[in-house]
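Everything below concerns the one structure shown next.
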Amino acid sequence: MPLHRWLFILLLTFAVFAANASAQEAAYLNTNLSPQERAHDLVGRMTLDEKAAQLEDWATAIPRLGIPDYQTWNESLHGVARAGYATVFPQAIGMAATWDPRMVRNMGNVISSEARAKYNEAQHEGNHRIFYGLTFWSPNINIFRDPRWGRGQETYGEDPFLTGRLGIAFIGGVQGNDLQHLRAVATSKHFAVHSGPESLRHGFNVDPSPRDLEETYLPAFRATVTEGHVQSVMCAYNSIDEFPACTNKMLLKEHLRDAWGFKGFVVSDCGAIVDVNQGHKKTPDIMHSAALSLQAGTDLSCSIWTPGFNTLANAVHKGLVTEDLVTQAAERLYTARFQLGMFDPLGSSFDRIPFSSVASDANRQTSRKAAEESMVLLKNNGTLPLKTPEKIAVIGPTADSLPSILGNYVGTPLHPVTPLDGMLNQFKSTPILYAQGSMLAEGFGVPVPRTAFGINKGLKTEFFATPDWTGRPVATETEPLVQTDWENAKPRPEVETRNYSVRWSGTIAAPAPGHYIFTVELGDSFPYSPEEGYRLTIDGKVLGEGSLRAKLDLSTMGNFHAEAGASPTAPPVMSFAKPTKIAFDFPDTREHEFKLEYSHAADQSGGGLTLKWEAPAQAQIDEAVARAKEAEVVVAFVGLSPQLEGEEMPIKIPGFSGGDRTSLDLPGPQQKLLEALAATGKPIVVVLQSGSAIALNWANERTAAILEAWYPGVDGGTAIARTLAGLNNPAGRLPVTFYASLDGLPAFTDYSLKGRTYRYFTGKPLWGFGYGLSYSKFTYGPVKLSSSNLKAGDPITATVSVTNNGTMSGDEVVEAYLRTPQEGGPIHTLVGFDRVTIGPGASKEVSLKIEPRSLSSVDDQGNRSILAGKYTLTLGGAQPEETKAKSEAGFTVIGTASLPK
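Those letters in the sequence shown? Residues -18 to -1, 1 to 883, per mature numbering (1 follows the signal peptide of the UniProt record, and there is no 0), in order.
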């Protein structure tokens, strides 16, 4: 047993004796008692002030009870995030595109295993920092109701049933099967009616109809609670029916606690308690906001740099809230910590998970398999799979973009493979001709491409164990470009200090003479403030140098502003990364001497640098067209980046505002690139990387094939290349509708479901929810039902034989859609699905059990019931009107049955 754990146990024992209680009387140390009993005993030993201090994400230590400080906040949306190297899976929307709960659960298993390994190592080092605990604020269960929402990429799509099934799978993987001995805690967020706009979220009110609330916004949350047994729920920023979500008793009491029987703890979104006062203007100060939230059922405040629930002791003294509610919240939080074994002696299998398992080859293979399953083939005229062409032109701004394979809320990738590297590795005998081609969007730079540094030369990269480039390098290698992510990680194993520096040197050449704007950009260091600086030199002249950090402008965080009284273990308000722009005029296309130096010191957080540029558009297009003319086929990598779409960002350029989108079109520079490539007459395969739907109307008419690859994770480039080569037969399905345009969609601020999502959109989409092609052809036999006359309240089972008529083994996603007798009800609704593998020429029988809740309808008053009448069930590879590979059957429900909330 490690020395630190012996000391911890001795401290616990000493604390008990110091309180004149024998070891036998310290019930919270008795592992034979339930977590609830132990929590009750431990919290009962705390003072009011101590209990209130535990209701913060930065919970303080209580030495007399042997309680260390603990930071509750951790992230694991698609891999353990923000805590150094970890396995990065496809972004959540890509995982949704797998339509494979088994794969999503596998992801959860990897997350909890790597989380335990990181936690074990952190405990060994005495590291109690944020992002190293075992309470994870994932998954995002919100409904992706509108394609403009920048955070939609974090969700499992627009459908409640699909979201619920995948959410349950994720939670099962993260928490494990034994609720008394959790692998980690998962959190369903953001409860409950929350999906943008990002710029309004801190003070925005939503008035959902009772029907939309029950039919769309709550079912997936309910499923993760009642079936998934999630142990934590996060309340949202916005108000619902004029009550801020964290003070909303209709959500937190009537539904979550009373109707669904939730026993875990509720945490606020970060700063949401502050928003009750500063954003929604519902209370005179934060203390009143905390009291109101606690009364409604919120147990924990994520307060960042402000006071929050640590004001509740004063609130009790002022009669605003009772101490019993403070005690109740603390017991809920400590029940979770006891479920996690945080006060148990070492010895469990979780304690033995080694740090070496983090980002392992086996976990990487699981991530790559998930990425392959997420690929959605939207169009193919026979060009795919590629049949070893003589030369392939790889063109586009996402082809070699690290953010465009990672997505947001992400861990540090170990040896990430971009699409360009994936193509180079997969098609070794075929020359790959690469050009960047365009910027991602107007006024938005892209990494200076490897072609500028000599595609076969690269940059000499030296790593120093000092922050000022002194001494001999501890490691030296060649990098193709300056694009790194070392957040909370060592840049190389040889760098055994947080005070390090890196130098890239070589030559740089522009595709054409002209005016270029460089941007030196840091990675994320939230919520800490390392010291980071740079120096950029071309032809021996220093173009820019200095610090890359600036004081945080809190106005970028909506109505939030820091106040005195934050938890004493919280860090100071951080200094944020400050991207630095440097203009340079290239007089020619010859090689120029290049050197970029980067320094990192002080805090361990942050780490990494990217050198971007804004290049003359025509120069980029001309270079791309020249490469395309030399090739037999063009693979165009286009799309978005989490730096364009995401959570509450200051960006405001054509097509994007504050993290949300204002247009569904492919950004202008990329559209011009596709048109120029098409003019060469070469067949074009479009690979789309995005976290949301893009209206590729022009590309759908003019290109040979389109593959949606999402943000596919650490080995995403390999998965894409294997799919293009035919080693992976694509079978992903869209978890969202790809609309042809915004025309006909309700306003972004309108939360009514009428006119949006596949269940209520009456227009013709470009590609519908559930759509996806394969390199194989599948046919369906007749549907066999367990009953043609069903008693209301009973389930029904549908069975169908599916045949693979192709020459390749492939997966087919069997989707079941139900049309009910309800007047004004959904067009049809997904009620079941299964992803199955079928060999060439083989058949497989697939059975789907449709539960009573999936057979029910919701009326305008929000009442859920099973109606009498005729129902139609369609099983197929897509929605009924979008595929010929389907089979249909009808049945009759006799009687009616009401269902609970």
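Note that beta-carbon positions come from the ideal geometry of N, C-alpha and C, so glycine has one too.
Which residue marks the beginning of the alpha helix (DSSP H) containing Arg204, and which one marks its end?
201 to 208
Nearest to Ile49 by alpha carbon, out of Gly61, Ala658, Val875, His110?
His110
Within a Cβ cutoff of 7 Å, which residues of the same chain sit near Thr309, ignoring the five residues on either side of it in sequence?
Val25, Lys33
Tell me the rounded alpha-carbon separation between Val156 and Ala318.
14 Å
Looking only at its own chain, which residues have a Cβ that is under 6 Å from the Cβ of Ala3, when we skip the five neighbours before and after it?
Because the pLDDT of Ala3 is 43, which lies under 50, any placement of that residue in the model is unreliable, and the number read from its coordinates should be weighed accordingly. No residues qualify anywhere along the chain.
Under 8 Å between the Cβ atoms of Ser285 and Val256?
yes
Using a Cβ-Cβ cut-off of 6 Å (strictly less than) and excluding sequence neighbours within five positions of Ser880, which residues of its own chain qualify?
Ser847
Mapping the DSSP letters down to three states, classify Pro429 as helix, strand or coil.
strand
As assigned by DSSP and simplified to three states, the class of Thr802:
coil
Is the beta carbon of Glu827 closer than 8 Å to that of Thr865?
no
Inter-stretch contact at 8 Å, needing at least 3 Cβ pairs: the segment 668 to 683 / the segment 652 to 660
yes
Straight-line Cα distance separating Phe760 from Leu655
36 Å
Stretch pair the segment 862 to 877 + the segment 813 to 829: three plus CB contacts closer than 8 Å:
no
Does the distance from the C-beta atom of Ala151 to that of Gly695 stay below 8 Å?
no
In whole angstroms, what separates the C-alpha of Thr69 from that of Gly752?
28 Å
Quick check on residue 886: does DSSP put it in helix, strand or coil?
Because the chain in this structure spans residues -18 to 883, residue 886 falls outside the shown range and cannot be described.
DSSP three-state call for Ala3: helix, strand or coil?
Confidence at Ala3 is low in this model, with a pLDDT of 43, below 50, so its placement is unreliable and the value that follows should be read with caution. Coil at Ala3, not helix or strand.
Between the segment 513 to 528 and the segment 543 to 556, do three or more beta carbon pairs fall short of 8 Å?
no
Among Ser331, Ala344, Pro289, Leu315, whose alpha-carbon lies nearest the alpha-carbon of Asn88?
Ala344
Measuring only the C-alpha atoms, how far is Glu545 from Gln804?
53 Å
Write down the C-beta distance between Gly440 and Thr458 rounded to the nearest angstrom, noting that I regard them as a contact closer than 8 Å.
Not really, about 12 Å apart at Cβ, beyond 8 Å.
Residue burial classification, Met631 (beta-carbon count within 10 angstroms, cutoff 16):
buried
Quick check on the DSSP output: the beta strand (DSSP E) that includes Trp595 runs from which residue to which?
591 to 596
Do Thr145 and residue 884 count as a contact pair if the criterion is CB distance below 8 Å?
In the structure as shown, the chain starts at -18 and stops at 883, and residue 884 therefore has no counterpart that could be examined.
Starting from the Cα of Pro712, find the closest Cα among Gly673, Lys773, Met790 and give me that residue.
Met790
Which residues share a DSSP beta bridge with Cys217?
Phe173, Ser250
Beta strand (DSSP E) segment containing Ser869, residue limits
868 to 876
Can you give me the C-alpha to C-alpha distance between Gly505 and Leu622, rounded to a whole angstrom?
18 Å
Under three-state DSSP, which class holds Gly149?
helix
Do three or more CB pairs link the segment 474 to 486 to the segment 438 to 454 at distances below 8 Å?
yes
If you draw a straight line from the alpha carbon of Pro834 to that of Tyr762, how long is it in whole angstroms?
25 Å
Own chain residues within Cβ distance below 6 Å of residue 887, not counting five before or after:
Lying before the first or after the last residue shown, residue 887 is absent from the chain, which here runs from -18 to 883.
Cβ neighbours of Thr54 in the same chain (closer than 6 Å, five flanking residues each side left out)
Asp39, Thr117
Quick test of the definition: if touching needs 3 or more C-beta pairs under 8 Å, does the segment 628 to 643 touch the segment 163 to 182?
yes
How about Gln465 and Leu384: do their beta carbons lie closer than 8 Å?
yes
Three Cβ pairs or more, each shorter than 8 Å: is that satisfied between the segment 244 to 256 and the segment 210 to 223?
yes
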